[in-house]
Amino acid sequence: MHGKKSIDQIHVCDAINSSHNGSNPLIFNSFLRCFIDRDDESPHTSISVEQPVQIHQDVDSKSKRWHFQSYNLTISNIWSPFLVKAATFEDINGVSTAEVQLHLDKLDKKWLDIYPSLDYMIISTGKWFLKAAVYHENDVIVGCHLCPGKNLIELGFEYAYKKTLHHVMDFIKTSKHKGLIFFRTSTPDHFKNGEWHNGGTCPKTIPAKEGEVKIKDLNRILRNIELEEFEKASAKVANNELNLKLLDFTNLLLSRPDGHPGPYRQFQPYSKNKTAVVQNDCLHWCIPGPIDFWNDVIMEIVANG
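Per full-length UniProt numbering: the sequence shown ends with 305, consecutive numbering throughout.
Shown next, in the form of C-alpha cells:
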C-alpha cells in the first residue's frame, strides 16, 4: 500500500524497537498488531505488516510464540485461562464434561516461569470462573461452584475469582520484576436467544447505539471484583518501581456486538449445508474494530505512558 505514512504508528513501533531491544511481551488474548516496515527504495512510502516467525507452540497448540525479526521482538500467547493451576475437562466446543479442578493457592507455572523475562505483560481472565468447579487450597478440597450431589460447600465463583486475583496481584506486587504490566478487565458477551451451550447467536453486523446494550449481571460482578482487587494492588505498588496499568474495556465493548466471530468460529461452517445449525461464538473477539481499539490503547500507553 502506498501513500502517506502513518506517523503515529511508525513512532509507536520504532519506540518499541529502540527502547526495548529484544523484549519479550506476554500478551493474553490480544496481540499488538503494529509492526510497520518502511520501503526506503520506493519514491513513495510503503507500509506493510511484517510476517513473524513462529518459534514455539505447546503440544495442544494453545500456547505459541512469534518473533518479529526486524524489531527483535517476541510475542507470546500463553494459554492459562484461570491463571492458577487447573485441570479442565471439556469437548471441542468448550462444553465441560466434568467439574474443573482449581488450586486457588497455586499460580499456573505456564506463565509464572516466563514472567521474570518479560518486559510487557497483559493479563486477563474472567468468564472461565463461571464453569462448574471444585476448589482446592493447601491440596484440600474446600468447596465448589455448581456441584450438586457432591456434598461440598457451595462457595460460588465470586469466592474463587477474588482468591485467584488476590493471589496473582500479591505475587506481582511483591516480585522484583520492573516491567510494564497490564490487567485487562473481562469483556462482555453478546449472546441472544440463548448462551454458548444452548444455541445463542449474535447476528449484529454493526455497532450498537449508545445505551442499546445493557451490561449483564454476571459481567458486572466480574468487573467489580476485578476493579476491587486491582485497586488494592495498585495502592500497594504506588511507591515502588512496578508499573501496573488497568485496561478497563468492559463498558466500552458493550456497544460492539458486531465484533464476535459468531458462526464463523469454524472455517466455512455452511459449506455443506446452508441451513445447518452451528455453534456460535459471541464471547471472543476477532473482527476488525474492537481488536484495533484495544491495540491502539495499548500502543499509546507503551509509547507515551
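We put the beta carbon where it would ideally sit given N, CA and C, even for glycine. Everything numeric in this text was worked out from a predicted model, so none of it was measured.
Taking a C-beta distance under 8 Å as the contact criterion, T201 and K192 qualify as a contact pair. Bridge partners of A86 according to DSSP: L102. Looking at the backbone, the Cα of L107 and that of H166 are separated by about 11 Å. Out of S61, S70, S63, the CA that lies nearest to the CA of V49 is found in S70. Distance from the Cα of Y120 is smallest, within the candidate group E158, L242, V140, for L242. In this structure, the CA atom of S61 is about 20 Å from the CA atom of I122. Residue state for F171 is assigned as helix, using DSSP reduced to three classes.
In the structure shown, D258 falls within a helical segment according to DSSP collapsed to helix, strand and coil. Contact check for L222 against A160 fails: the beta carbons are separated by 8 Å or more. If you look at R265, you'll find it isn't in any alpha helix (DSSP H); DSSP assigns it neither H nor E. In the DSSP assignment, S234 falls within the unbroken alpha helix (DSSP H) covering 217-237. Between G143 and E154, the beta carbon gap of about 7 Å places them in contact (Cβ cut-off 8 Å). V237 sits away from T164, with the two beta carbons spaced by 8 Å or more.
In chain order, S186, L222 place their CB closer than 6 Å to the CB of G126, counting only its own chain and leaving out the 5 sequence neighbours on each side. An exposed status is given to A87, since fewer than 16 other beta-carbon atoms sit within 10 Å of its beta-carbon. Taken atom to atom, the span from the alpha-carbon of L73 to that of R65 is near 11 Å. With a threshold of 16 other beta carbon atoms within 10 Å, I298 meets it and is buried. Annotation for Y270: A276 place their beta carbon closer than 7 Å to its own, counting only its chain and skipping 5 residues before and after.
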